[in-house]
Every structure is written in structure tokens, then in C-alpha cells.
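Peer 1:
Residue numbers (our numbering), protein chains in the order written: chain A, 19 to 345; chain B, 19 to 345.
#1: Classify residue 326 of chain B: buried if its beta carbon has 16 or more other beta carbons within 10 angstroms, exposed otherwise.
#2: Give the straight-line distance between the Cα atoms of residue 254 of chain B and residue 137 of chain B, rounded to the nearest whole angstrom.
#3: Since I believe residue 78 of chain B is in contact with residue 46 of chain B (beta carbons under 8 angstroms), could you give me their beta-carbon distance rounded to a whole number of angstroms?
#4: List the residues of chain A whose Cβ lies closer than 7 angstroms to the Cβ of residue 153 of chain B, in chain order.
#5: Does the beta carbon of residue 166 of chain B sit closer than 9 angstroms to a beta carbon anywhere in chain A?
#6: Give the residues from the stretch 172-199 of chain B that approach chain A closer than 8 angstroms (Cβ to any Cβ), ordered along the chain.
#7: Can you check DSSP and say which residues form a bridge with residue 53 of chain A?
#8: Anything in the stretch 51-73 of chain A with a Cβ closer than 8 angstroms to a Cβ of chain B? List those residues in chain order, please.
#9: State yes or no: is the C-beta of residue 89 of chain B nearer than 8 angstroms to some heavy atom of the ligand NAD?
#10: Flag this pair as touching only if the stretch 293-304 of chain A and the stretch 24-32 of chain B have three or more C-beta atom pairs under 8 angstroms; answer yes or no.
#11: For the candidate residues B:33, B:222, B:242, whose alpha-carbon lies nearest to that of residue 342 of chain B?
#12: Do three or more CB pairs link the stretch 220-236 of chain B to the stretch 269-276 of chain B at distances below 8 angstroms?
#13: Note down the Cα distance separating residue 236 of chain A from residue 178 of chain B, rounded to an integer number of angstroms.
#14: Counting only beta-carbon separations shorter than 9 angstroms, does residue 163 of chain B have a partner in chain A?
#15: Find the residues of chain B that neighbour residue 322 of chain A, judging by a C-beta separation of less than 8 angstroms, and give them in chain order.
#16: The alpha helix (DSSP H) that contains residue 213 of chain B, what's its start and end?
#17: In terms of alpha-carbon separation, which member of A:190, A:239, A:324, A:50 lies closest to residue 249 of chain A?
#18: Let me know the secondary structure DSSP gives residue 48 of chain B once reduced to three states.
#19: Tell me the rounded alpha-carbon separation between residue 201 of chain B and residue 36 of chain B.
#20: Tell me which same chain residues have a C-beta within less than 6 angstroms of the C-beta of residue 167 of chain B, skipping the five on either side of it?
#21: My output table needs one value for residue 165 of chain A: the three-state DSSP class, helix, strand or coil.
#22: Under three-state DSSP, which class holds residue 263 of chain A?
#23: Which two residues bound the contiguous beta strand (DSSP E) that contains residue 120 of chain B?
#24: For the stretch 243-299 of chain B, list the beta strand (DSSP E) runs that are entirely contained and at least 3 residues long, ordered along the chain.
#25: Could you give the first and the last residue of the continuous beta strand (DSSP E) run that contains residue 108 of chain B?
#26: Along chain A, in chain order, which residues have C-beta atoms closer than 7 angstroms to that of residue 148 of chain B?
#27: Could you say which of A:92, A:19, A:90, A:34 lies nearest to residue 68 of chain A if we only look at CA atoms?
#28: Output needed in chain order: residues of the stretch 107-119 of chain B with a Cβ under 8 angstroms from some Cβ in chain A.
#29: Let's see if you can read the secondary structure: which residues bound the alpha helix (DSSP H) around residue 239 of chain A?
#30: Report the option in A:265, A:198, A:40, A:123 whose CA atom is closest to the CA atom of residue 329 of chain A.
#31: Starting from the Cα of residue 265 of chain A, find the closest Cα among A:246, A:278, A:306 and give me that residue.
#32: Under 8 angstroms Cβ-Cβ, which residues of chain E neighbour residue 169 of chain A?
#33: With a threshold of 8 angstroms on Cβ separation, who are the neighbours of residue 211 of chain B within its own chain once the five nearest residues in sequence on each side are excluded?
#34: Quick one: which chain A residues come within Cβ less than 7 angstroms of residue 160 of chain B?
#35: Can you tell which of B:217, B:289, B:319, B:305 has its C-alpha closest to the C-alpha of residue 267 of chain B?
#36: Just to confirm, are residue 194 of chain A and residue 280 of chain A a CB contact at a threshold of 9 angstroms?
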């Protein structure tokens with residue numbers, strides 16, 4: 019089969035590509051061709067066993083989406099997008115990339131017609147939810163995003179559901195929880211500290227914690243996130259019904275529990291590298307974020323995530339640090 | 019103040035214009051200028067006490083939305099749109115008018131900048147909800163529309179909320195229940211029978227009932243619908259909070275109760291003009307529609323509708339039939 023990944027140069031995109039190339043198949047179907055698309059051409063992984071193409075394209079530019087789907091990939095992982103912070107700072111860019119880009123992709127698929135109906139896995143986010151929340155957010159809770167990013171993701175979900183209902187594609191929307199531990203350098207995202215307080219201490223560096231350690235959030239590892247996308251691609255149409263956008267499961271815990279897990283796994287010296295450094299601006303942003311996600315439907319459909327934050331830390335040490343850390 | 023009404027030639031648009039002209043003010047503020055916009059120029063009501071302009075324009079055509087908001091109306095009632103049946107039959111037209119038209123209006127407002135921040139009252143619909151439903155649909159129920167129209171309305175709500183949050187406008191989204199009794203000729207809408215079984219018998223004509231009389235639905239009169247829009251225009255920004263899209267109240271009843279009300283008000287001979295004529299296609303469509311709408315928030319904010327279907331029939335006889343009917 020032929021698979022297209024948009025946003026393939028991002029963290030999840032790279033881990034998804036590597037996993038697919040390693041497996042050689044998607045839910046049992048051999049992969050013959052893999053196209054990696056991003057605004058700058060992604061680096062092709064070493065020694066792929068299938069045909070590889072890397073493409074530099076912005077789906078919101080006229081004609082680019084049509085070119086991307088012209089070879090009729092059977093499965094499309096649509097990960098491309100501007101992140102939360104950038105979409106808030108640059109209103110026009112956020113709408114252009116996250117809304118127009120997604121709509122252009124859907125329209126390009128519809129324009130092919132002729133029975134073409136690809137599996138389309140769309141990465142949404144729990145940013146579609148906005149405070150105030152009940153104790154735990156149920157599957158039928160309304161979408162009242164408090165950011166432009168969350169708004170654009172929610173619109174993408176609605177479009178995906180309508181294009182699927184009309185038979186133009188076979189869509190699944192995957193609302194990712196906070197994905198930690200993100201490898202690499204700290205970034206400016208308000209959520210960055212959730213990864214930072216684990217990643218930096220394990221690398222022997224100090225990390226800053228800008229919020230009280232009573233903050234509750236739902237987390238999944240990058241490995242689990244890639245697993246969600248692959249599992250979604252294998253879901254039978256009738257298992258999903260009309261409600262194709264799903265909140266994913268995750269390990270729900272407080273920041274204090276995250277730190278306790280780090281202490282259990284890596285010791286007191288590592289955990290002591292976290293510097294409490296309250297930042298009212300970040301604390302205020304984080305207050306508006308979803309805490310507990312119920313995710314009953316997705317669990318029932320076989321989506322699985324880590325059941326503890328300990329597992330999430332071990333996956334980071336294993337996958338991104340070659341099994342060791344700076345004690 | 020200057021008021022712009024889009025979709026002013028439609029049933030609600032005409033009743034809203036007449037009410038505003040009759041009152042001469044909007045929530046106490048004198049109306050100096052009223053602009054009525056529709057794809058074909060609306061007929062100007064007789065003897066307006068204010069400056070009147072009628073405009074023929076399609077907001078989704080380049081430049082039209084900018085022209086419409088250039089005189090900086092302080093209040094905009096955005097009623098323009100393609101109805102449910104047409105949006106389902108003509109996919110492209112539905113998205114162009116309902117989504118692109120609404121977005122063009124929002125973008126034109128944002129482009130003015132310079133502190134311009136009009137009150138923007140957007141007519142949404144309970145078509146944003148899709149089955150299966152709980153016994154009564156609460157305010158925090160998710161939006162999973164089962165039509166392209168409902169999808170476009172839900173996207174409009176999300177855009178309105180984000181443009182409001184960013185300070186570009188001061189939006190309120192009004193989810194109208196089924197508006198009955200619609201005056202005029204029967205139309206092809208699947209929901210047409212809700213009005214038809216009242217309007218036609220009162221005019222001495224036979225009416226067809228395509229669904230079982232156990233069907234439950236929430237109704238409001240055109241008078242109540244116009245009242246919702248005017249009340250929304252007067253809501254203080256902080257009364258509304260971040261969740262600016264509201265399900266409106268209505269009289270919730272079965273078709274049997276609608277017919278019983280008609281019998282009470284107009285007698286057995288009139289009620290006997292309803293022909294039971296089951297249509298499985300229409301019955302199936304109607305099964306997917308919302309039944310009971312809780313509307314706690316909107317009631318709390320002072321929105322009011324009829325408390326019985328009897329009242330709705332009396333309003334129709336009074337407002338559209340000059341007080342009489344064919345016995």
C-alpha cells in the first residue's frame with residue numbers, strides 16, 4: 019500500500035515514519051510506498067524497504083494538496099499543522115495552515131472522486147476542550163476551545179466527519195493528550211515544562227517548573243501516540259459509527275506524581291534538578307487546559323496508552339536516551 | 019445606531035426588519051440606519067422611520083463582505099445562509115455560502131480593525147446536534163452534526179467564538195429550534211410538515227403527516243425567534259462569558275400534542291384535514307434530529323419562548339392570518 023504522511027518532519031511524524039519502515043506493513047498490509055511531506059522536505063530514514071519520496075510542500079498553497087494526493091495514497095496521516103503557541107501569535111498563519119491546509123487536503127481528495135476513498139487519520143488535540151470542566155471530561159462533552167489552535171482543530175474534526183459521512187474519505191480524528199517526554203531541546207510552548215522537568219534532569223541539566231505541583235494533566239508517550247495513529251488506520255468503518263473523532267486515553271497524574279515517578283526511576287539527585295520557579299502567566303494558561311480525559315470510547319475500541327507516568331519515563335530513557343541517564 | 023441584516027429577504031429576516039422598524043430602536047438605542055442585505059435585494063418595508071438601504075450581495079463573493087461592513091454597522095444580524103436540504107444536495111454551494119460567506123464576514127470585520135467591534139448575532143441551529151441523544155440535550159452536549167448544514171453551522175459557531183475571544187467582534191450564536199408555524203407555501207424541507215400540519219388545515223387545505231405522531235421536537239414561533247435575536251443583541255459581554263453559542267428554549271411536544279392543540283383552538287373539522295401519510299425516508303431523517311433541548315443557560319440569560327404549542331398556533335393565526343382561519 020501507499021502511505022502519505024503530512025507534517026512528517028515533526029516529532030510524531032518522524033517517529034511514525036520510523037515505526038512504519040521498521041514494521042514494513044500497516045496493520046498487516048505491506049507498505050510499498052511511503053511519501054513524507056512537510057513544508058521543508060523531511061529527511062528520508064536510512065535503508066527503507068519500500069519506495070520513499072520526500073516532498074516539500076505547503077498544503078494551503080494552491081495546487082499543492084492536489085499534487086500530494088494525485089498518486090492516490092490509500093492511507094493518509096495528516097499531522098501537518100502550526101502548533102498552539104504559533105497559531106495564537108500569528109492569527110492568519112494559524113488559520114491558513116491549520117484550517118485552509120486541512121480543507122485543501124479534503125477538497126483535493128473529493129476532487130479525485132472515481133471511488134477514491136482513502137483512510138484519513140487526522141491528529142486533533144485535547145485543546146478542542148476549554149474550561150470550565152467537569153471532574154473528568156466525558157466523550158460527549160462539548161468543544162469550546164479557548165485558543166485559535168483548538169478552534170482550528172475542532173473545525174478540522176467537523177470537516178473530517180462531514181467528508182467521511184458523504185463518502186469522500188474514511189476519516190478518524192485522534193485527539194492527542196499531552197505527548198511527553200518530547201525529545202530534543204526545550205521549546206517555547208506553554209506545555210513544554212511537562213516534558214522539560216523529566217528530560218532535562220535525566221540529561222544532567224536543571225529544569226524549571228513554572229506551575230504548582232498540584233496541576234493535573236493527561237499524558238501519553240510519543241510511542242503511545244504513534245500507536246494511536248496506527249491503530250486508528252486499522253479500525254473498521256462500522257466499529258466507529260458516525261462519531262469519528264475520539265479522545266485518546268492517557269496516564270492522568272499531578273505534576274507531584276510526575277516528579278515522584280522520576281525520583282523512583284532515576285533517584286533523588288536527578289529529581290532535585292527541578293527548580294520551582296512559578297510563572298503566573300504560564301500557570302494561568304495551564305488552568306484553562308483539560309485535566310482528566312475519560313476516553314471510554316477509545317479504550318473500548320482498543321486504543322491503549324501507558325497506565326502510569328513511570329512507564330512514560332522508561333520509554334523516554336529507552337527510546338530517546340539509549341537506555342541510560344545522567345545520575 | 020446602524021444595523022445590518024444579512025439574509026434579510028428570508029422569513030426570519032423579514033419579520034426581524036419589520037419588528038425593528040416598528041420599534042424604532044434596538045434594546046433602547048434609536049435606529050438611525052438599517053441595511054437589508056440578501057443575494058437578491060430585499061424589498062424595503064413601507065414607511066421606515068430611519069434611513070433604509072437594500073443591498074443585493076453574496077457575502078462569499080470577493081469584496082462583498084468588505085463593502086457590507088465598510089459603513090461600520092454597530093449591530094449585525096447574520097442570518098444569510100443556504101438551508102439544510104439545499105446544503106445537502108449541493109455540497110459546494112452549502113460550504114461556499116454557509117462557511118465561506120460567514121468567514122468572509124468575520125474577516126471583513128477583522129480587517130477594519132481600529133477598535134471596530136460590532137455586536138454580531140449569528141443564527142445557528144439545533145442541526146449542530148446529531149443522534150444518538152440523551153433524553154434531553156444539555157448545554158454542554160457535543161456537536162456531532164449529521165448534515166453538511168449542521169457542520170457548517172457548527173463551524174460558524176467555532177469561528178464566531180474565536181473571533182470574539184480575540185476581540186474582533188462581540189458575537190452571540192443563537193441555536194434556533196424548529197421555527198413554526200412558517201407562513202407561506204409548503205416547501206421541500208424534510209421539516210416542512212411541522213408547519214404544514216397547522217398552516218394548511220387553518221387555510222382550509224389538506225396537509226400530509228409523513229411521520230408517526232409520537233415524534234418529539236422542540237418548537238418556537240417566528241415571533242419568539244425574532245425575540246431571541248433582539249435579546250441576544252442586548253446581552254452584556256460579561257453575562258455571556260467565553261461560551262457564546264447558546265441553545266434556545268422552545269415548547270417541546272409530540273406531533274400528537276401539536277394536533278391536539280390545533281383541535282382545541284380550531285376544532286375537529288380543521289384537525290381532520292391532516293392526512294396520515296407515512297414516508298419512511300422523511301421518518302428516517304427526522305429520527306436523527308434533536309428532540310428535547312434543555313436550554314438552561316439561555317433561559318437563565320432571559321431568553322423566552324412559548325410554553326405551549328397552543329400559543330404557537332395562536333401567534334400564527336394572529337400574525338400571519340389576520341386573526342381568522344377556515345373553520
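Note that beta-carbon positions come from the ideal geometry of N, C-alpha and C, so glycine has one too. Bear in mind the structure is a predicted one, so any value in this text is a computation, not a measurement.
Peer 2: Taking the definition as stated:
#1: exposed
#2: 10 angstroms
#3: The Cβ separation is near 34 angstroms, so there is no contact.
#4: The premise fails here: residue 153 of chain B is roughly 13 angstroms from chain A at the closest Cβ pair, so nothing lies under 7 angstroms.
#5: yes
#6: 172, 173, 176, 177, 179, 180, 183, 184
#7: A:22, A:71
#8: none
#9: This structure lacks the ligand NAD; in fact it carries no ligand of any kind.
#10: no
#11: B:222
#12: yes
#13: 29 angstroms
#14: So, interface residue.
#15: In chain order: nothing, as chain B lies at least about 23 angstroms away.
#16: 210-220
#17: A:190
#18: strand
#19: For residue 201 of chain B and residue 36 of chain B, the distance between alpha carbons rounds to 15 angstroms.
#20: 102, 105, 145
#21: coil
#22: strand
#23: Careful: residue 120 of chain B lies outside any beta strand (DSSP E), inside the alpha helix (DSSP H) at 119-130.
#24: Correct list: 263-265, 269-272, 292-294.
#25: No beta strand (DSSP E) holds residue 108 of chain B; DSSP gives it neither H nor E.
#26: 260
#27: A:19
#28: 109
#29: Counting along the chain, residue 239 of chain A falls outside any alpha helix (DSSP H), and DSSP gives it neither H nor E.
#30: Here the closest residue by C-alpha is A:198.
#31: A:246
#32: In the displayed structure, chain E is absent; the protein chains listed are A and B.
#33: 225, 226, 227, 228, 229, 300
#34: 158, 159, 160, 161
#35: B:319
#36: no
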